[in-house]
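First the structure, in the form of structure tokens, and then the observations on it.
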Amino acid sequence: MFGHSLLLRQLIVSLIWFINILSWAIIINSLLSWVLEPMHPVRVFLGRFIEPIVAPFRTLTRRLNTSGIPIDFSPLFAYITLSIIASILRGLL
721 MFGHSLLLRQ LIVSLIWFIN ILSWAIIINS LLSWVLEPMH PVRVFLGRFI
771 EPIVAPFRTL TRRLNTSGIP IDFSPLFAYI TLSIIASILR GLL
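Each position in the sequence shown, counted from 1, maps to that position plus 720 in my numbering.
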């Protein structure tokens with residue numbers, strides 16, 4: 721019984737680390753989008769990991785009326801969602 725709870729704890733800690741890495745990748749990719757072209761190798765590399773997370777939020781933000789503001793809020797929503805998930809997982813520890 722104790723071994724299962726230790727294994728579950730390690731799984732939760734690993735998930736939190738993975739979420740933190742994804743969160744930082746979202747932040748870095750968002751900042752780099754201001755200075756690097758979309759096809760820059762660093763942005764392409766980060767995009768491979770980030771796009772599956774951000775894409776669902778991008779479809780939701782397209783439905784919002786942003787009054788022509790050329791800002792993509794989907795990385796922000798993805799970051800907030802990942803932060804909430806990480807907080808819930810921390811509460812399980």
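Heads up, the beta-carbon is just placed ideally off N, CA and C, and yes, glycines get one too.
*Helix, strand or coil: how does DSSP classify His724 here?*
Look at His724 here: in three-state DSSP terms it is helix.
_Own chain, CB closer than 6 Å to Pro795, minus 5 neighbours either side, in chain order_ = These residues qualify, in order along the chain: Ile746, Ser750 and Val774.
*Given Thr781, which residues of its chain have a CB within under 8 Å of its CB, disregarding the five upstream and five downstream residues?*
Asp792, Phe793, Ser794 and Phe797
*Cβ-Cβ distance between Leu784 and Leu742 below 8 Å*: no
_With a threshold of 6 Å on Cβ separation, who are the neighbours of Tyr799 within its own chain once the five nearest residues in sequence on each side are excluded?_
Ser743 and Ile746
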